[in-house]
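All remarks here apply to the structure that follows.
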Amino acid sequence: MRNEEIMMKNTRVLEKAAISASLLMVVMPLSAQNMALEEVVVTAQKRNQSLQDVPVAVSAFTNEALTDFGVSNTQSLQMVTPSLVYNNTGAEGSPYLRGVGTRLASLGLESSVATYIDDRYVSRPAASLFELSDVERIEVLKGPQGTLYGRNATGGAIRVITMDPDDEFEGDVSLSVGNYNRMNLSGRVNIPITDTLAAQVSGISSNRDGYADNLVPEGASELDDRDFQATRAKVRWDIAPDAMMKLSVAYWNQDDNNGNDRVAVGPSELSVGLSRGGITGTKPDEAATANNATIEQDEISADLRFDVAFESFDFASITTYSDFDSESPTDGDGTSDVTLDATRAQDVQTYTQEFQLLSNGDGPLNWIVGMYYFYQEGDTFAIADINGGAATISNMDQYVETDAYSLFGQATYNFNDHWALTLGGRWNTEEKDVEQTLIPGTVPNGVGTPPNIPFEDNESWDEFTPKATVEYRTDTSLIYLTYAVGFKSGGFNYPAASPAAVPLGPEILDSIELGYKGDLMDDRLRLNGALFYYDYQDLQVTRAAADTTGSGISLTTENAADASVLGFELDLTALVTEALTLTAGVSVLDSEYKNYDASAKIPREGVAGLTDAFFDADGESLLRASDFSGYVSANYEIDVQKGRVPIVLTYSYKSEYDFDFVGSSETQALTQDDYGLLSLRVSYVPSSEKWRVAVWGNNLTDEEYFTEVAANAFGLWGSYGEPRTYGVDLSYYF
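Residue numbering for the sequence shown follows the numbering used here, starting at 970 and increasing by one per position.
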């Protein structure tokens, strides 16, 4: 890139950053007196620390804040995390953070943003979309977290921390009802059994009708409905004054068509199904499919943690296990015709073990060292039916086994009250084995049925991911400069009809970040910001391509590009008056693909035949990387007789971003236009704080937007986001 282009790019980001900062600062001057923001404690660096003392860009949300913002599941977290975008295709979902994410995360491919529930890594992206119930807080760590969180935290990490058992008998129960026959019931009870033993049980049941009606009588009557249940049991045992054990066992299941309301998008979609007399839906509340199956998923997990405090250091052992099963149907042609239906099933078991040694915080040197082991094995089977099961094509069976080891360490030395230096690193080694069979279909005359193709392979990767941070502190502020490297595992394509295209190598992301954190104006204004640059190497790019067997189109992922991201973020919380609190955040991104491999360039709109020229993605923005996004929330509390009335109004905005590249006349159909979502929550809380009632509404303007748009051999399909919803919540605390 020429120097002039670099300067122009930097100038654009800085101009947007300056405008964003100016908009957020309109809350000044503050008039609240004798008030201060509460300290937020996070464990982003594997130990309890104040958010303002952590030299990492972190957005942290308490349980109460999540409720006020209307965040009821992990996907809706993107409303109040500007650089976060989730895609949701029913049985699959992946987060993108600061433009870094994974379009297709199959059993042989990995997510670019790590999701954790407490200390357990959620390896399958489909398991990262769930309802929130017994949550203490959520931490969104932005930027590569390669040292402390290891593989597949290239874009960052989303940590969902659940409530722990304590020494008091207490609990809560909540009922939420709303339109679309919404009925959510959740509860939690904490029981101290002895002076050293306590248990906690929680659960949630989330149900509602579908957002879309099915135009096909033979198919499911409603689409994008919700039927989700989850429960968790936790036990805490204080073995000795300096030793503690925590055991958590959880189970969840889904049996619905949430996110599976595919509609036609663009002028040339679904021509095969339509030519056979099919119809298709094109509106947010209308879809057309003859498929009447539901997405069935469940997971059982167990986590065991031991903590022992010694005189000069602490020891932690963390063991986790999960068993995830999924069966998901897909209407491949997106019409009422049964031209093509597909079903994919997964059965995945995951085991991890981590050991940590941590300094106890005394003295100028704080450190952590540890080792981590990850093992996963899983089977995936996919079958595609033609004409209602009269024939099948290109069915796949794949088994993947993964072994990953790592050693890590990080140390911070405080030279004095102002200056500190942090050095860290992680050595990763990973091995994956794959056994795959492409099973012949039963299409008459062998049309579209490749020969049986067995395939076995073994790949391994080693990578060291360093980190270095320089900090400068004052009584009210922290300034830090960090260099960090992220590592995303290599893997194997699925489905892949061509064995030669199966393996792919890892991604590497180098990051430089300049950050600021400050509690200003007598702790009534909290201002956190970051300016960062990413150099993305060997980017794993997913594209539609013709396979070598002649059986049609498959999605192929390759190390086909490099990329860069220049960005700015700013978060603000302000106590404007005793009654009014403002919270806001903005994200500005300038991203582009570079050195896009010519052999992997994107086909234009003739996807089914691949007859058109190829679309050069060099210089295009990264997928799901919104140039500008932000939110602002006002919490105004009115004191009334025997209680208070909090009123929370939140608006979130994202500028346009691309789901995928097709080119030509279809390009606009694969771009999400800019959109904004407005939510309102009005509560009444009595002085006793024993119960509360709230009326709420989300997407009050009924904005139409997509959670996913993609291309296949029949054209373009999309899934709409949630329409206007409203309801009443009643909670009781004991």
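From the three backbone atoms N, C-alpha and C, an ideal C-beta is built for every residue, glycine too.
Source: prediction; values computed, not measured.
Completely contained beta strand (DSSP E) runs for the segment 1373-1448, where each covers 3 or more residues: 1388-1408, 1422-1442
Rounded to whole angstroms, what is the Cα-Cα separation between Asp1283 and Lys1015? The sequence position of residue 1283 within the sequence shown is 314, counting from 1. The sequence position of residue 1015 within the sequence shown is 46, counting from 1. Rounded to whole angstroms, Asp1283 to Lys1015 spans 12 Å at the Cα level.
Which one of Val1651, Asp1267, Gln1509 has the shortest CA to CA distance from Thr1525? Sequence index remark: in the sequence shown, residue 1525 carries index 556 (1-based). Closest by alpha carbon: Gln1509.
Start and end of the alpha helix (DSSP H) containing Phe1279? Position 310 of the sequence shown, counted from the first residue, corresponds to residue 1279. Taken as a continuous stretch (DSSP letters only), Phe1279 belongs to no alpha helix (DSSP H), as it is neither H nor E.
Starting from the N-terminal side, write out each stretch of the beta strand (DSSP E) that is 3 residues or longer and does not extend beyond the segment 1008-1091. For the segment 1008-1091, whole beta strand (DSSP E) runs of length 3 or above, ordered along the chain, are 1027-1031, 1053-1057, 1062-1066, 1082-1086, 1089-1091.
Between the segment 1115-1131 and the segment 1148-1158, do at least 3 Cβ pairs fall closer than 8 Å? no
Within this structure, are the beta carbons of Lys1623 and Asp1643 separated by less than 8 Å? Looking up residue 1623 in the sequence shown gives position 654. Looking up residue 1643 in the sequence shown gives position 674. The answer is yes: Cβ separation under 8 Å.
Nearest to Tyr1049 by alpha carbon, out of Thr1263, Tyr1695, Gly1554, Lys1563? To locate residue 1049, count along the sequence shown from 1; it is residue 80. First, the amino acid is wrong: residue 1049 is Val here, not Tyr. Nearest of Thr1263, Tyr1695, Gly1554, Lys1563 to Val1049, Cα basis: Gly1554.
Just to confirm the assignment, what range does the beta strand (DSSP E) spanning Phe1597 have? One-based indexing of the sequence shown puts residue 1597 at position 628. It spans 1597-1609 - the beta strand (DSSP E) in which Phe1597 sits, taken as one unbroken run.
One question on the structure: do Ser1621 and Tyr1600 come within less than 8 Å of each other, judged by their Cβ atoms? Position 652 of the sequence shown holds residue 1621. Position 631 of the sequence shown holds residue 1600. Judged by beta-carbon spacing, Tyr1600 lies within the 8 Å limit of Ser1621, meaning their Cβ atoms are closer than that value.
Does the Cβ of Ile1287 have 16 or more other Cβ atoms within 10 Å, making it buried, or fewer, making it exposed? Sequence index remark: in the sequence shown, residue 1287 carries index 318 (1-based). Its Cβ being crowded by 16 or more others within 10 Å, Ile1287 is buried.
Given 8 Å, three or more beta-carbon pairs between the segment 1306-1325 and the segment 1343-1350: yes
Using only CA atoms, which one of Glu1346, Leu1184, Asn1364, Asn1032 lies nearest to Asp1310? Residue 1310 sits at position 341 when you count from the first residue of the sequence shown. When only C-alpha atoms are compared, the closest one is Asn1364.
When the Cα atoms are used, what is the spatial distance from Leu1591 to Met1214? Within the sequence shown, the letter at position 622 stands for residue 1591. Within the sequence shown, the letter at position 245 stands for residue 1214. Leu1591 and Met1214: Cα-Cα distance of roughly 44 Å.
CB contact below 8 Å: Thr1434 versus chain D: No chain D appears in the structure shown, which is made up of a single protein chain.
Could you tell me whether the segment 1018-1035 touches the segment 1101-1119, where touching means 3 or more Cβ pairs closer than 8 Å? yes
Buried or exposed for Val1609, going by 16 or more other Cβ atoms inside 10 Å? Here residue 1609 refers to the residue found at position 640 of the sequence shown. That one is exposed.
Helix, strand or coil: which one does DSSP assign to Leu1101? Here residue 1101 corresponds to residue number 132 of the sequence shown, with the count starting at 1. Note: Leu1101 maps to coil in three-state DSSP.
Could you give the DSSP three-state label for Pro1298: helix, strand or coil? Position 329 of the sequence shown, counting from 1, holds the residue named residue 1298. Of the three classes helix, strand and coil, the one that applies to Pro1298 here is strand, per DSSP.
Measuring CB to CB, does Gly1179 end up less than 8 Å from Asn1226? What you label residue 1179 is simply residue 210 of the sequence shown in a count that begins at 1. What you label residue 1226 is simply residue 257 of the sequence shown in a count that begins at 1. Cβ distance < 8 Å, so Gly1179 and Asn1226 count as in contact.
Report yes if the CB atom of Trp1396 is closer than 8 Å to the CB atom of Ser1429, and no otherwise. As a working note, residue 1396 is residue 427 in the sequence shown. As a working note, residue 1429 is residue 460 in the sequence shown. Cβ atoms of Trp1396 and Ser1429: not closer than 8 Å.
For Ala1173, report the span of its beta strand (DSSP E) as first-last. In the sequence shown, the residue the question calls residue 1173 occupies position 204. For the record, residue 1173 in the displayed sequence is Ile; it is not Ala. Here the beta strand (DSSP E) through Ile1173 covers 1166-1177.
Helix, strand or coil for Leu1639 per DSSP? To locate residue 1639, count along the sequence shown from 1; it is residue 670. DSSP places Leu1639 in helix when its eight states are reduced to three.
Close-in-space but distant-in-sequence residues of the same chain around Phe1628 (CB under 6 Å, 5 per side omitted): Counting from one through the sequence shown, the residue named residue 1628 turns up at place 659. Result list for Phe1628: Leu1639, Val1678, in chain order.
Under 6 Å Cβ to Cβ from Phe1343, same chain only, skipping five residues before and after it: list those, please. As a position in the sequence shown, residue 1343 is number 374, starting the count at 1. Closer than 6 Å at the Cβ level, and outside the excluded window around Phe1343, lie Thr1321, Ala1373.
Is it buried or exposed, Phe1703, if we count other Cβ atoms within 10 angstroms and call 16 or more buried? Numbered from 1 along the sequence shown, position 734 holds the residue referred to as residue 1703. It counts as exposed.
Can you tell me whether Ser1052 is buried or exposed, with buried defined as 16 or more other CB within 10 angstroms of its CB? To locate residue 1052, count along the sequence shown from 1; it is residue 83. Burial call: buried.
Secondary structure at Thr1518, three-state DSSP: helix, strand or coil? In the sequence shown, the residue the question calls residue 1518 occupies position 549. For Thr1518, the predicted model reports a pLDDT of 47, less than 50, meaning its position is unreliable; a value from the coordinates is still stated below. DSSP places Thr1518 in coil when its eight states are reduced to three.
I need the DSSP call for Ala1209, collapsed to helix, strand or coil. Locating residue 1209 in the sequence shown gives position 240, where the first residue counts as 1. Reduced to three states, the DSSP call for Ala1209 is strand.
Nearest-angstrom Cα distance between Ala1001 and Glu1280? By 1-based counting over the sequence shown, the position of residue 1001 is 32. By 1-based counting over the sequence shown, the position of residue 1280 is 311. With a pLDDT of 48 at Ala1001, under the threshold of 50, the modelled position of this residue cannot be trusted; read the value that follows with caution. Distance between the alpha carbons of Ala1001 and Glu1280 is about 44 Å.
What do you reckon, are the CB atoms on Ala1380 and Thr1398 nearer than 8 Å? Taking the sequence shown and counting its residues from 1, one reaches residue 1380 at position 411. Taking the sequence shown and counting its residues from 1, one reaches residue 1398 at position 429. Cβ atoms of Ala1380 and Thr1398: not closer than 8 Å.
Within the same chain, show all residues whose beta-carbon is closer than 7 Å to that of Tyr1695, passing over the 5 residues directly before and after it, in chain order. On the sequence shown, position 726 is the one that residue 1695 refers to. So the list reads Gly1147, Asn1148, Trp1665, Gly1666, once near-sequence residues are dropped.
Among residues of its own chain, excluding the 5 on either side of Ile1208, which ones have a beta-carbon nearer than 7 Å to its beta-carbon? Taking the first residue of the sequence shown as 1, we reach residue 1208 at position 239. Here the set comprises Met1214.
Arg1593 versus Ala1181 - alpha carbon distance: Here residue 1593 is taken as the residue at index 624 of the sequence shown, counted from 1. Here residue 1181 is taken as the residue at index 212 of the sequence shown, counted from 1. Their Cα atoms are separated by approximately 25 Å.
Cutting at 6 Å between CB atoms, please list the residues of its own chain near Leu1447, excluding the five before and the five after it. On the sequence shown, position 478 is the one that residue 1447 refers to. So the qualifying residues of the chain are Lys1486.
Cβ pair count under 8 Å reaching 3, the segment 1493-1502 against the segment 1531-1548: yes
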